[in-house]
Every structure is written in structure tokens, then in C-alpha cells.
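In our numbering, the protein residues as written are 14 to 1000.
So this is what it looks like as C-alpha cells:
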């Protein structure tokens, strides 16, 4: 490092900061003292100007001068001095009789030496050539976390994580760089301790498979985004990879940790409808005599009746240590119990894990035995109650006063039974029904590392892993319930069993060649992974035991075989090359198309290590990166989609021949030449760090082109057994920019302040999507149906899933004119040719910001997220905001959306762009405050905290929540606001 004489302004700035911190408290010297003098230098023996020298546990202190020298009086009874400076490790020195103490400060270089978990190995962060983001446990989101993915929500540029609803049994949708497919899966590959997990869920927990993993057991989550880092996973990596690493045993003394969180959850916003009195006034003033006769005398707020204040708790106990200094271990247990704000909704989770990591032969042989188990017990509420509570007649009571239909008020016809087409009592839908499940899951793996004695640079690695899950559930609805009274109730059971077996073996050679300043790391390996899912025959019975319907048993398997290799080469820590190749064979394709090859290459140049920057005091890191790679896709399609499959019909679909009925075999749609969907990815970016990495970040540009797109499209008539088939057709292209920056403005013994910000820009466009070219076709309708047709459309040259609607015309007062739309093609006729593509649910920009501030034992933190450019169709307003929706049958009237007061629509205007609303938002995900009490009763260290999650949302969107993945707001389960208190004890 050069002397600071060459940058005096910077030195003076630091000197002023140090003095300002010291002037916050009086500096007092004791009457009896001795003077200690010395010099403080950095790692290159250059003087450190403005370093703080302080008598430990006092306010006495001074700073070093322009030559790094100091002088301080040490009071009688004190024998420790503390040396600190921004960006350097604090040192505490115990004094004897010395009066001259010279100190060399070491920089905080954890960013440069941080080890990041990558595919089939680890790598120093400074040597990475790909786009990799790692979040450790100390930076995880806090609070009541039901599923692991929520730990990093808003923390990583280019990653969008959205909870599917406010239910504790719901999962999340995860998108890395927006996804790369249409009908095939857009979910990233999840790898847990080296075991790639299957996407999707299991019966009894179909939407929240990840919730079976205890978030408290997780040490870090690494996101691989570009093809250079993901291509080692080949056919499953088009949508990125998330590597979850769980906590291991410690190498020092026994550590016991216990933490508990207690929470209360409340609903935030619900769909806005008329109050009971407003509804009564509307019907009285505008309704006919029949409608007026259906008004009651009650004022029922149905949302208040179905929602509750939910109670939750999360408790975790872990013990970590080391047997005989060679066998680190960790054992943990957890209990999670969370009610939903929708009554009868509940999720319980019991978890346990054991990790043992013995080493032998002077660390040449290492084992990792990892076993995790969980039991989830779920109670599912009937979410139809949400829609029914929105529009059920608010002038009628919850209970009828008689015993019919369980005592709940229902709209009855002239025969005294629930009228066909009438809404059912929302409270009855919740309280009369029981939908329960128990899901058991066990994930285990054994890792073996052997470093050859005769060649220590060569290591053999073996992983044997499994993932087993079994889901069982029951559905029970009594015969008297209005929902199923016609069939005599419901009483059935279901189950499913899934297994995932893994064999991984690879050789790794790693050596530094000192003479040529080169480091070589090479890996070559083989994977075998086998999945199986089976379920017995499902028989739906009523309470009397009579069969209502059946579904056949299922037993499906698929296998993936893989060969792969990777080479990492670096010269003088400046020039880096990474090359990978993987060849996958999948049983989901026919033998001619079964194998796919997925290569990648990446280059990096650490400019900060060049002679002209190496000793720069300001720039501590600067690295350019460039990569290209090919990844594949085979998830989201059937296991046998390339085979002709015939399904035996049931008793309701038989063919009469003479006087007998025969079962039929029905052919299913199939495409024999189905093949891999592949994505070519380009990435260019740079990493930077300033002031010893006190400020650091990344910037990336990416471009992805997916070809042989797996999509469900219309096929020529007579060429298959259905109008549409999933086949390889078309291309999709996406590009984007990502930026992330982290800063530590203050870092002293008493005060630490860290900031993090990330931003993402993304665009996706379909470049080809048709088997039969038709210039008159607008594209393929898709998405939720309104008025009998998909609301969204897939069209070449446009963003996927754009809303396909009419352009609404407004009067001079800004009120929409019913049935009047713009004639966009100027032909004088308003028809389907005037529909146009209007925005998409996909955001253009994603932002994340977080801050952590510590003052002595106090801490304060918060996290914000923003999304811009995403639009949502407000179906709650569209489907309950017209006069015709007030009554469908003579026996019932329905409440209406408050939007009716603004439009006055008589008929529903399903395809009006009036209902496609800007859903950009700013959310504060959490804000927390904590206090480290310290040791209590000379025993454990105690920390306490309070936290609020889902603090506020700022948006122009009128509906329940602007954050809806498919852009269709209909009966959305509100995300609750959560208030939590936590307690941590560390022994």
C-alpha cells in the first residue's frame, strides 16, 4: 500500500470521522496511570492515520496521527487496549509492563476469502467466473418463516419469490431471471446438500414441498444464475439453480442453541364490497319486489365471520460439538405450528436432523452423514369461502335458527333444499368440512471424500442420497352439509408415495503450480438419479359408504443419467477460465432424442490484481466476467409423453354392443419425436469493491434464447388425438440487467450499519410459436378463462401472457361507457379483431433494499421490495361489479363489488381493459428490533427481538394484493400482517 501522502483528502476524512466518534463521550484519564505509546501500521507496514486506540471497557481513547503514532494514558487497574479502524479487524491487546506497543492491523477480507458452494464443489468468491449470489444465515430474512425460499426474498438481484397466497399451507413461486419456458417448468432446480430435489409437491402438500425443510437448519443459500455456473447441472438448469447448504457440527466446544418465536397474524385487505346497509339501500331503491323480498334484517360482515386472528409459534433446539476433535456433529429438532387467518386453516411441522462429519487419516478421508426428517400435519380450509364471503347476501344471518343443513343459513328453493346455482354459506363451508393430511419426508445423504495419500491433489468424492416422501389425507363432509347434500356427504382417503434416489461420483484434481503462477481445478463425474411416484386407486365415497367416483392407480418413474466435467484455471489470480460440459440422458424422451449435451465456457479478468491497480487505496476489487452456455429443460412434461398411451374408461363411459356394455381404451395425445428444450445464454458483467470492500457489488447483462420450446399449441386437424398437444415448437428470448451493491458505512465496536440494494430489469419475447402459420390468427389463447375463453394470449413478437382485451372508451367525466370500445382497426365494427395486447403480469423492474443497524447491544433492521410494470386483472371487480351479478336465480341475491358504484355496469364487461390495472408496488416486508441481553445467571447468552412482517404496501391497484403471479385476482387468500416476538438462548 502506498503512503497516504498521495491521497491526503481521504486520510483527513477518515481522521475527522475517528475524532467525531471519540467526541461523542468525554475522554477522562485516571489520576494514577502510565503512558503507552506506539505505532499502528497496516498489512504493508504503512502507517494508519486516524486509527482509534481505546482503553477497553472505558471511554478513554485517542487516535493515531499522520505517522500512525499514538500516546495514551492507561489508568491503574486497566491492562487492555483496543485498536480499531474502519475496514480492519479490531485487536485487543493485554498489556504487561510494556510501555511501547506497536500494532499491525489486518484488513477484513472475508469477501475475498469467502468460500461459495457451487455445483459439485466449492470455490473462492474471488475466483468465480459465473454469476453466483450467496446469502448466509446471518443475512437471512427474519421472523416467522414457514418455508426456506422466504429466507432470501428480496435479497438477490434477478430472483423473484412470491408466496402463492396467505395460507400457511401454500408454497411460493420462484423465478430466476423470469424463467426460460412456457409450458415446461419455470421453477429453478433446488439442490439440498448435494441432492437435487424434484420440483412440484405431493398429495397432502401439493403446493409447498419445500416447507418440509426446516429453515432454521439452513446455513446458506447460493443462487446460480448464468449458464457458466448452471450448465454443470445440464438438463435441469435452464431456470437457474438454488443450492441449499445446511448447518454442520462445530469444531470447538459444545454449543447448545434454543430459539422460539411467537406470532399473531391479522388480515390486511379484502375485496371491497357493499356494506349491509348500502346493499339494502341499493336493492330497495333499484330492485324489484322479488329481490326486495330476499332482503333480511341482519347486518353480517361475512369477511369478519371467516377470518380470524391467527396464532403461530416456531421453536428450534440444536446441539453442535465435536467428539474427540475429529467427529463434528449437529443434532436439531423443531416444532412449527401456524394457524391461517382463514378459519380451520392450519399447518404443523415437526422436524429433526442429524449431521455427523468424521475425519480419518489426518483428514485424508472425510465423511458427511446427513439425515433430515419431517412430519407435516395440515388442515386445509375450503377457500371457496373467500369468494362466497365477498358476495354472499350481507342482510342474512350466519345461522338459520333451525337444524337443517347443520344450522347454517342457506338459500333454499321451493322444495326447501339449497337452490341450484346459489352461493353456499361461507362459514358453513369452513366449519362443516374437514380436509386433513399428514406428510412424512426423509432426506438423507452420505458424502465421502478421499484425498489420495500418494497424490494429495487428487480427491475422489461419492454421494449416496435419497428423498422419500409419503402423503396421506382425508376429506370428510357430513351428509347434512349443503355443499354435498345431493350425494349424501363425502368421506374419502387418498395417498401418494414418492422416492428420489441419487448416486454421484466424481474425481477432483486441484493444484497450484507455483513456478507458473497457475491454479488448476478439474472435475469429472457421473450421476444416476431415479424418481418414482405411485398412488393407489382413489375411491370417492359418501357417508353411507357408497362409491361416488373413482380414479385409477398411478405408478410412474423416470431416470436421468449424466456424465459431466469441469475445468477451472487461473493465472496469477488475474486471468480465469471455466469450462464445463454435461451429457444427460432422460427416460422422458424416445431413444433417438434421449441424450442432450450442455456445454459452457466463462472468462474472467481481475483487473484489481494488475500492477496499475494492485496497490490502489480506493479500488479493492474489480473483475470482468464473460460467459456462454447451453442448458436444458425436461421438467413440466409427462413421463411418457412420447409414447402412445391408452386409458381404460370407467363405468360412465362404456360402449353398448347388443345388450352388453363394454369398457373402452381411449388414446391419449402424444408426440413421438419430443426432444429437449434448450436455452443458449450469454452473460457479461463485473464485480467491484471499494475501500477494502466496504462497498462492493456486481453488475450483469444477460441474454437467453430458448429453442425447441416445449409448449402446448394447436396442431393440424387429424394429426393427433386432441386439438392441442405439447410439442417442440418455437423460440423465446429474454434479456435483462442486474445490479447489486452492499455497503458498510459504519463499522466500529459499538456501531455497525450495513446496507444492501439490488435492481433487476427483464424483458421476455416470443419469437416463434406455431406449427401451422396463419397470418389471421392472433396467437394462442391461454391463462384463466373469462366468458369461456382464455384472458391472455401467446403471440410471436410479444411478451408471454399479455392480456388480450378491448380498449375501453370513457365519457367526459372519466366514467367507462358500458359496451363501448375503441375500433382499433377502423373497420366500423367492434369485434374480436379489435382486441389488443395490453400489458403483462410480468414486471419490468424488481428492486430490493435492506438495512441493518447495530448500536452496542441493540439492533434495528428492515427490508423493502418493489415491482414496477406488472399488471393484474381484477376479476373480483369484473365478476361482481355489474347489476346482473346481483341475481342469477330467483331464490338468492348477491352482494356486489364497490366498483359498481363507479361504473354502473348492467352487464359484465369481461374483456374491458378497465379491469387490467397497474399493480406496481412498494412493500416493506419486515422491520425488526432486537436486544442482546448478554449472559443471564452466568449461563446462556440471551437475545430478544420483535418483528413485523408485511408492514405496508403502496400501490395504485384496487384489489386485494398487487403481487399475484399469474396476474388474475380472483378470491385471493390475503397475505397476513405478522407480529412476532422472539427469544434466543445460546449456551
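Even for Gly, the Cβ is constructed at its ideal location relative to N, Cα and C.
Sequence-distant partners of residue 47 (beyond 5 residues in either direction) whose C-beta falls short of 6 angstroms from its own C-beta, in its chain, are 87. The criterion of a C-beta distance shorter than 9 angstroms is not satisfied by residue 385 and residue 268.
It is roughly 15 angstroms from the alpha-carbon of residue 67 to the alpha-carbon of residue 101. By the Cβ-count criterion, residue 339 is exposed, with fewer than 16 other Cβ atoms from all chains shown falling within 10 Å of its own Cβ. Straight across, the Cα-Cα distance linking residue 423 with residue 913 is about 25 angstroms. For residue 889, the enclosing alpha helix (DSSP H) has its first and last residue at 888 to 891.
Taking a 10 Å sphere around the C-beta of residue 128, we find fewer than 16 other C-beta atoms and assign the residue as exposed.
Counting along the chain, the unbroken alpha helix (DSSP H) around residue 305 starts and ends at 302 to 306. By the Cβ-count criterion, residue 852 is buried, with 16 or more other Cβ atoms from all chains shown falling within 10 Å of its own Cβ. Residue environment for residue 562: exposed (fewer than 16 other C-beta atoms within 10 angstroms of its C-beta). Under the three-state reduction of DSSP output, residue 355 falls in the strand class. Within the same chain, and ignoring the five residues on either side of residue 657 in sequence, the residues whose Cβ sits closer than 6 angstroms to its Cβ are 683.
Between residue 930 and residue 970, the CB-CB gap stays under 9 angstroms. Only exposed fits residue 871, as fewer than 16 other CB atoms lie within 10 angstroms of its CB. Contact between residue 773 and residue 749 holds, since their C-beta atoms are separated by about 6 angstroms, short of 8 angstroms. By DSSP's assignment, residue 344 forms a beta bridge with 332, 367. The three-state reading of DSSP puts residue 956 in strand, counting E and B together. A buried status is given to residue 751, since no fewer than 16 other beta-carbon atoms sit within 10 Å of its beta-carbon.
Counting C-beta pairs closer than 8 angstroms gives three or more between the region 534 to 546 and the region 571 to 590, which meets the contact rule. The continuous stretches of beta strand (DSSP E) do not include residue 853, and DSSP gives it neither H nor E.
DSSP places residue 872 in the strand class (E or B) of the three-state scheme. When DSSP states are grouped into helix, strand and coil, residue 925 belongs to the strand group. Residue 883 sits buried, since 16 or more C-beta atoms from the chains shown fall within 10 Å of its C-beta. Contact between the region 687 to 700 and the region 230 to 242 is established, with three or more Cβ pairs separated by less than 8 angstroms. Looking at the DSSP output, residue 578 sits in a beta bridge with 537, 594. If you draw a straight line from the Cα of residue 670 to the Cα of residue 650, it is about 37 angstroms long.
Under DSSP, residue 612 forms a beta bridge with 594. From the listed residues 593, 305, 569, the smallest Cα separation to residue 578 is found for 593. Bridge pairing for residue 715: 696, 749 [DSSP]. Straight-line measurement puts the Cα of residue 466 at about 12 angstroms from the Cα of residue 473.
Per DSSP, residue 240 is one residue of the alpha helix (DSSP H) stretching across 240 to 243. With contact defined as three or more Cβ pairs closer than 8 angstroms, the region 160 to 173 and the region 230 to 237 are in contact. The straight-line gap separating the alpha-carbon atoms of residue 192 and residue 250 is approximately 10 angstroms.
Here residue 468 is exposed. Its C-beta has fewer than 16 other C-beta atoms within 10 Å. For residue 487, the enclosing beta strand (DSSP E) has its first and last residue at 471 to 490. Fewer than three Cβ pairs drawn from the region 905 to 919 and the region 935 to 949 lie within less than 8 angstroms of each other, which leaves the two stretches out of contact.
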